[in-house]
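Novice:
Dropping the structure here:
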């Protein structure tokens, strides 16, 4: 395999330099704001294993561009609401790349800088899925 022109770490660094990042403690304060939607980009298995931020909306990372686009057959109406959208993943890498792309599309949003892992480590509320 030939060397990559840009590493994934460099892509994340470039994305973070041009997007709005929200620190974990600031996000704690946003959780009860009805004008804020926390969007979880993690895989469903991550949510099942680690839990999730209460009230968060699950949007698989691979569908984000399609779900926010009103012209897409996959559009989700939640993304047409006049809200502040804060995307997150486990550590902030996937959400940084996603938010940079969505911002490029014209969809204003931010991301949780250090992700769900930091949220949980700092004592943020975590909901577990119900067992069958």
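Residue numbers (this note's numbering): 63 to 194. Just so it is clear, CB atoms sit at the ideal spot from N, CA and C, and this is done for glycine as well.
When you compare the CB positions of residue 151 and residue 107, do they come within less than 8 Å of one another, or not?
Specialist: No. Outside cutoff.
Novice: Which residues share a DSSP beta bridge with residue 146?
Specialist: Its beta-bridge partners are 98.
Novice: Run the CB neighbour count on residue 156, radius 10 Å, all protein chains shown included, and call it buried at 16 or more, exposed below.
Specialist: Label assigned to residue 156: buried.
Novice: Using DSSP with H/G/I as helix, E/B as strand and the rest coil, what is residue 110?
Specialist: Note: residue 110 maps to helix in three-state DSSP.
Novice: Taking CB distances under 8 Å as the criterion, tell me whether residue 68 reaches chain B.
Specialist: The chain labelled as chain B is not found in the depicted structure, where only one protein chain is given.
Novice: Do residue 81 and residue 165 come within 8 Å of each other at the CB atom, strictly closer than that value?
Specialist: Taking 8 Å as the Cβ cut-off, residue 165 and residue 81 qualify as a contacting pair.
Novice: Is the beta carbon of residue 114 less than 8 Å from the beta carbon of residue 188?
Specialist: Result yes, Cβ atoms of residue 114 and residue 188 sit closer than 8 Å.
Novice: Please report the straight-line C-alpha distance between residue 169 and residue 153, rounded to a whole angstrom.
Specialist: Roughly 22 Å between the two C-alpha positions.
Novice: May I ask you to report which of helix, strand or coil DSSP gives residue 128?
Specialist: In the structure shown, residue 128 sits in a helix (DSSP, three-state: H, G or I).
Novice: For my contact list, residue 158 and residue 78 are in at a C-beta cut-off of 8 Å; report their separation, rounded to the angstrom.
Specialist: Yes, they are in contact, since the Cβ atoms of residue 158 and residue 78 sit about 5 Å apart, within 8 Å.
Novice: Nearest to residue 147 by CA position, among 83, 66, 72, is which residue?
Specialist: For residue 147, the nearest C-alpha among the options comes from 83.
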